[in-house]
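Below you'll find the structure, written out as structure tokens, and then a few comments.
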Amino acid sequence: MFTRRQFLATTAATAATFGHAPRAFAAQRPKYDLIIRGGRVIDPSVRLDAIRDVAISGGRIAAVEANIAGDAAETIEARGKLVVPGLLDVHTHVARSADGPGLVLQDGVTGWIDAGSQGADHIADAIAIARSSPQQGRVLLNIGRAGVLTDGDTMDLARADVNAARDAIAKNRDFIVGVKARLSRGVASDDYEVLRRAQEAASAFGLPVMIHMGQTSSPLPRLVDLLKRGDVVTHLFAPPPNSIVDDDGHILPAVLAARRRGVWFDIGNGQTGHMRWDTIAAIMKTGFWPDTFSTDWNTTSRTTGVIDLPNCMSKLLGYGMTLSEAIACATVNASRIFPVFNDRGTLNVGAPADVALLELREGNFEFLDNYNNKITGRQRLFPSGTVLAGKRIPRA
Ligand SMILES: [Zn+2]
Numbered sequence: 147m148f149t150r151r152q153f154l155a156t157t158a159a160t161a162a163t164f165g166h167a168p169r170a171f172a173a174q175r176p177k178y179d180l181i182i183r184g185g186r187v188i189d190p191s192v193r194l195d196a197i198r199d200v201a202i203s204g205g206r207i208a209a210v211e212a213n214i215a216g217d218a219a220e221t222i223e224a225r226g227k228l229v230v231p232g233l234l235d236v237h238t239h240v241a242r243s244a245d246g247p248g249l250v251l252q253d254g255v256t257g258w259i260d261a262g263s264q265g266a267d268h269i270a271d272a273i274a275i276a277r278s279s280p281q282q283g284r285v286l287l288n289i290g291r292a293g294v295l296t297d298g299d300t301m302d303l304a305r306a307d308v309n310a311a312r313d314a315i316a317k318n319r320d321f322i323v324g325v326k327a328r329l330s331r332g333v334a335s336d337d338y339e340v341l342r343r344a345q346e347a348a349s350a351f352g353l354p355v356m357i358h359m360g361q362t363s364s365p366l367p368r369l370v371d372l373l374k375r376g377d378v379v380t381h382l383f384a385p386p387p388n389s390i391v392d393d394d395g396h397i398l399p400a401v402l403a404a405r406r407r408g409v410w411f412d413i414g415n416g417q418t419g420h421m422r423w424d425t426i427a428a429i430m431k432t433g434f435w436p437d438t439f440s441t442d443w444n445t446t447s448r449t450t451g452v453i454d455l456p457n458c459m460s461k462l463l464g465y466g467m468t469l470s471e472a473i474a475c476a477t478v479n480a481s482r483i484f485p486v487f488n489d490r491g492t493l494n495v496g497a498p499a500d501v502a503l504l505e506l507r508e509g510n511f512e513f514l515d516n517y518n519n520k521i522t523g524r525q526r527l528f529p530s531g532t533v534l535a536g537k538r539i540p541r542a
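When we follow this note's numbering, the leftmost residue of the sequence shown carries the number 147, and every step to the right adds one.
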């Protein structure tokens, strides 16, 4: 942990050096703005897992090497920590509340997607939060024009209004990066038609559609067949009925075909109906692993099984996923889905300096699925610090 005392000591030392130096010397700026020293750097984008220093200048990664020489305006001591690219969470509801972006930034999340909190009627509210977010935040437009409704976004099919959706996208091309369709029974009255309309709205702009699967009325293959390259299936671990795995433990052929044509499969941890350990075990056994982790975060997540993205990332370590694979799911893999993240998810030299510091603790940790079933894991990741655009974010 980089304590407040260490921070003060570092800045005091820097001040002392410059405070008493002659003018000519004082004019020399340190070589780097920030060096993160001695952490275990795991960057799956370049297959790196080694003890390294990370130097940052001008908001970009300047060097990733062992024992970087040269001074820095600020130093973070990261020995014993993991140093990974800033985390990207592709399914959240951060844009539901003004304090959302700041809260997930504390978790190491330096880029987020709000997955359909709002539809055409109130999309301005979500965009206002994305616009003022310190980290990159973008939104998926709910095809239901009133957004997420407790009595079902598109139970009234008229709410799946293609023209209203297209208007909203046309006016907000910089912040709307896709369309969301929630397809569960009780959310969509006619899931197939709702998805067809979502595609109609999105395809006019070449945008992806994210579907929320699980507990659908239509058989999953019928819905998955409507998905194109670049679309996203969230809640891939949803238990039967209409899981991606059949009773014999085989992934449905339509789901395999979807992955082959470039459809992404995302976790979307959430709270209700999206993941159950026995289904997770059956799916992980087939080798059909998620492309991305996401939280389905909202402001109550601290007190649900979600907690934070690092906690969600820890859940599959007990199912055979390596640490590096888990980090890839929350960094480089996520960066490929949405163009806004294309230069993120990496610590490559020249990339924007978004960095997450994590602690990997060993012990007995309880993890919850969405059915109040508990498993015990031996490792858990904890957020421990965030650097955004080269600036250290103070711990709350
Ligand atoms: Zn969601």
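Even glycine gets a Cβ: it sits at the ideal position worked out from N, Cα and C.
- In terms of Cα proximity to Leu233, the closest of Asn494, Arg524, Gly464 and Leu455 is Leu455.
- Taken atom to atom, the span from the alpha-carbon of Ser363 to that of Val333 is near 10 Å.
- In this structure, the alpha-carbon of Val236 lies about 11 Å from that of Thr256.
- Contact between the region 390 to 397 and the region 441 to 459 is not established, with fewer than three Cβ pairs separated by less than 8 Å.
- For the set Asn213, Ser349 and Asp515, the Cα lying nearest the Cα of Asp424 is the one of Asp515.
- Sorting Ala215, Asn288 and Leu249 by C-alpha distance to the C-alpha of Arg448 places Leu249 at the top.
- Annotated three-state conformation of Val240 is helix, per DSSP.
- Ranked by Cα distance from Trp410, the first of Pro365, Asp320, Ala427 and Met356 is Met356.
- The alpha-carbon of Asp195 is positioned some 12 Å away from that of Ala212.
- Contact check for Ala241 against Asp260 passes: the beta carbons are separated by less than 8 Å.
- A straight line joining the alpha-carbon of His420 with that of Phe513 spans about 14 Å.
- Partner residues in a beta bridge of Trp423, as assigned by DSSP, do not exist.
- Non-local C-beta neighbours of Arg541 in its own chain, meaning closer than 8 Å and more than five positions away in sequence, comprise Gln252 and Gly531, ordered along the chain.
- Runs of the beta strand (DSSP E) lying entirely within the region 322 to 391, each at least 3 residues long, are 322 to 328, 355 to 358 and 378 to 380 in chain order.
- Remark: fewer than three beta-carbon pairs, one from each stretch, lie closer than 8 Å, so the region 461 to 481 and the region 272 to 292 are not flagged as touching.
- Under the three-state reduction of DSSP, Ser440 is assigned to coil, being neither helix nor strand.
- Judged by DSSP in its simplified three-state form, Gln281 adopts coil rather than helix or strand.
- By the neighbour-count criterion, in which a residue is buried when 16 or more other Cβ atoms sit within 10 angstroms of its Cβ, Arg284 is buried.
- By the CB criterion at 8 Å, Glu223 and Arg198 fall outside the cutoff.
- The beta carbon of Gly324 sits closer than 7 Å to those of Leu286, Ala348, Leu353, Pro354, Val355 and Met356, all from its chain and outside the five residues before and after it, given in chain order.
- In the DSSP assignment, Gln264 falls within the beta strand (DSSP E) that extends over Val255 to Gly265.
- Nearest in C-alpha terms to Lys317, of all of Ser335, Lys326, Ala270 and Asn488, is Ala270.
- Relative to ligand 1, the nearest heavy atom lies less than 7 Å away from the CB of Gly416.
- Taking non-hydrogen atoms of ligand 1 into account, the C-beta of His268 is found less than 7 Å away from none of them.
- Segment contact: the region 481 to 496 against the region 459 to 473, fewer than three CB-CB distances shorter than 8 Å; contact not assigned.
- Here Asp307 is buried. Its C-beta has 16 or more other C-beta atoms within 10 Å.
- Placement of the Cβ of His237 at a distance of less than 7 Å from at least one heavy atom of ligand 1 is found.
- Closest in alpha carbon position to Val533, among Ile390, Asn519 and Ile202, is Ile202.
- Taking 8 Å as the cut-off, the beta carbon of Asp442 is found closer than this to the beta carbon of Gly416.
- Within a 10 Å sphere around the beta-carbon of Glu220 sit 16 or more other beta-carbons, which makes this residue buried.
- Ala348 has its CB no nearer than 7 Å to any heavy atom of ligand 1.
- Asp489 and Gly205 have their C-alpha atoms some 13 Å from each other.
- Your pair Arg312 and Ala350 checks out as a contact, with CB atoms roughly 6 Å apart and the cut at 8 Å.
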